[in-house]
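The next block holds one structure in the form of structure tokens; read it before the comments.
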Amino acid sequence: MGLRFEALQGGVHGQNRSLALLARNEGMKQADLARNAHVRPSSVSEVLERLEKSGLIERRRDQKDRRVLRVYLTDKGRAQNESNSARWYRFVGHLMEPLNEAEKESYLQILQKLQSQADLLESRLEADAAKERKQSEQKQ
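Spelled out as structure tokens, the structure:
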């Protein structure tokens, strides 16, 4: 649903999500942004390139580790994210109009359960991947 909404708004896949993540986590590393957006680092690179050319983000070197690039929203990027969020909430509001209050409550409860399960599974996958990396390093 989010991808369809983004396309209808004229956005390129991942741009709105990247802006929203950066609004909540100013100064993220590019790799962290990719992980949180659940996309490949190369995909995030392409999205960030477009956002930077549009003046919505800027990349700056980390003060402690000059090898690391951190990503920040510009004022224009913050304004765009606020506009995107307002449109999204209006869209979801219209989408849910046919539901009565009980259906809306059930829907939200189901979404919360699914989100909790997804978070749990993601944690397990990350733990398994870390364990596999450690075992691989020990073999070398």
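Just so we're aligned, residue 1 is where the sequence shown starts under full-length UniProt numbering, counting upward by one. Built from N, CA and C at the ideal position, the CB exists for glycine as well.
task = Rank V71, S42 and S18 by C-alpha distance to the C-alpha of K29 and give the top, closest one.
result = Taking only the C-alpha atoms, the option nearest K29 is V71.
ask   = Using 8 Å as the Cβ pair cut-off and three pairs as the minimum, do the segment 110-124 and the segment 88-100 touch?
value = Cβ pair count under 8 Å is below three, so no.
query = Buried or exposed: which applies to R133, given that a residue is buried once 16 or more other Cβ atoms fall within 10 Å of its Cβ?
reply = Around the CB of R133, fewer than 16 other CB atoms lie within 10 Å, so the residue is classed as exposed.
Collapsed DSSP secondary structure at K64 in the structure displayed = Here K64 sits in coil by DSSP.
query = Does the segment 60-70 touch the segment 33-47, meaning 3 or more C-beta pairs lie closer than 8 Å?
reply = Flag = no, the segment 33-47 and the segment 60-70 do not touch.
request  = Quick one: measure Cβ to Cβ for V39 and Q15, integer angstroms, because I've assumed they're closer than 8 Å.
outcome  = That belief does not hold up - the Cβ atoms of V39 and Q15 are roughly 12 Å apart, past 8 Å.
request  = Return the residue from the list W88, I57, S85 and E137 that minimises the CA-CA distance to E26.
outcome  = The candidate whose alpha carbon is nearest that of E26 is I57.
key: Alpha-carbon to alpha-carbon, L22 and N84   = When the Cα atoms are used, N84 and L22 turn out to be separated by approximately 13 Å.
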